[in-house]
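In numbering that gives the first Met the number 0, the protein residues as written are 0 to 218. No residue lacks a Cβ here, since even glycine has one placed at the ideal position from N, Cα and C. Every value quoted in this text rests on a predicted model; they were computed, and no experiment measured them.
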Amino acid sequence: MQEIENRINILQEFIKKYMIQGEDYGEIPGISKPTLLKPGAEKLCDVYGFSKMAEVKNRVEDWEKGFFHYEVEVTLVNKKNNLIEAQGVGSCNSKEKKYRYQDPYTIVNTILKMAKKRALIDAVLSATRSSGIFTQDIEDMDIEETFKPSTDKQRRYIFNLSKDRHLDEEQLKTFCKNVIGEDKPSKNWSSDEASKIIEALQNITKSSIIIDANKNVNK
Numbered sequence: 000m001q002e003i004e005n006r007i008n009i010l011q012e013f014i015k016k017y018m019i020q021g022e023d024y025g026e027i028p029g030i031s032k033p034t035l036l037k038p039g040a041e042k043l044c045d046v047y048g049f050s051k052m053a054e055v056k057n058r059v060e061d062w063e064k065g066f067f068h069y070e071v072e073v074t075l076v077n078k079k080n081n082l083i084e085a086q087g088v089g090s091c092n093s094k095e096k097k098y099r100y101q102d103p104y105t106i107v108n109t110i111l112k113m114a115k116k117r118a119l120i121d122a123v124l125s126a127t128r129s130s131g132i133f134t135q136d137i138e139d140m141d142i143e144e145t146f147k148p149s150t151d152k153q154r155r156y157i158f159n160l161s162k163d164r165h166l167d168e169e170q171l172k173t174f175c176k177n178v179i180g181e182d183k184p185s186k187n188w189s190s191d192e193a194s195k196i197i198e199a200l201q202n203i204t205k206s207s208i209i210i211d212a213n214k215n216v217n218k
């Protein structure tokens, strides 16, 4: 039991430090757990030392009716001992909501890739015992519609502006928290949040920044 708790704690610490919201995982208001995305699943495979093998277990390719269905199984193998850690299954078809009104003949490969991705995430959640942390019920397309992560360019511009305003790291952190109403790592800022911070920094002058003993930033 203690070993399991230690693995979970290590995993949670890794997620906090190295995984990026909107890229490795996504969050949607009203959903209790973040959803694991493909880049995050691949990152966890690298950390745990898993190799990936994908096999199409079932396929339906009806070129006359334009219906395509794939079921894929992904096997994760421990590189150190060559033992199977977990297997995951994922499926996708051209009648799903997001594909229903597209030309099915142009998205055959997309559907196959989606089935592989779902199988990979299913396998990773099982192998890393992280189903209590992540879900895969929400697709990354839904995440993209809700959350657009900040860019490196936005974050660099913010840090350059903060230097120009003579804000140290702690002062900038407090300033950003006041602007977006939440204390979060810069890598997890959304594009909208980064834009708000940029605008707020641009609207103040060096001489107008007063930081009290509690590190509160006021205009």
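Segment contact flag, the region 47-62 with the region 157-164, C-beta cutoff 8 Å, min 3 pairs: The region 47-62 vs the region 157-164: no contact.
Helix, strand or coil at GLU169 according to DSSP, with G and I counted as helix: Assigned with DSSP and collapsed to three states, GLU169 falls in helix.
6 Å CB neighbourhood of GLU144 in its chain, flanking five on each side removed: Low local confidence applies: a pLDDT of 49 at GLU144 is under 50, so the model's placement there is unreliable, with the coordinate-based value given in what follows. For GLU144, where only same-chain residues beyond five positions count, there are no Cβ hits under 6 Å.
CB contact check: TYR47 to chain C, cutoff 8 Å: No chain C appears in the structure shown, which is made up of a single protein chain.
The beta strand (DSSP E) enclosing ASP61, as first and last residue numbers: Start and end: 49-61.
GLN135 - partner residues in DSSP beta bridges: According to DSSP, GLN135 shares a beta bridge with no other residue.
Residue nearest to TYR69 in terms of C-alpha spacing, selected from GLY21, GLY39, LYS16 and GLU95: Among GLY21, GLY39, LYS16 and GLU95, the Cα nearest to that of TYR69 belongs to GLU95.
Enclosing beta strand (DSSP E) for GLN101 [first to last residue]: Per DSSP, GLN101 lies in no beta strand (DSSP E) segment and is marked neither H nor E.
Neighbourhood of ILE110 by C-beta, 7 Å cutoff - its chain only, sequence neighbours within 5 removed: PHE67, TYR69, CYS91, ASN92, SER93 and TYR98, listed in sequence order.
For CYS91: DSSP bridge partner residues: In the DSSP assignment, the residues bridged to CYS91 are TYR69.
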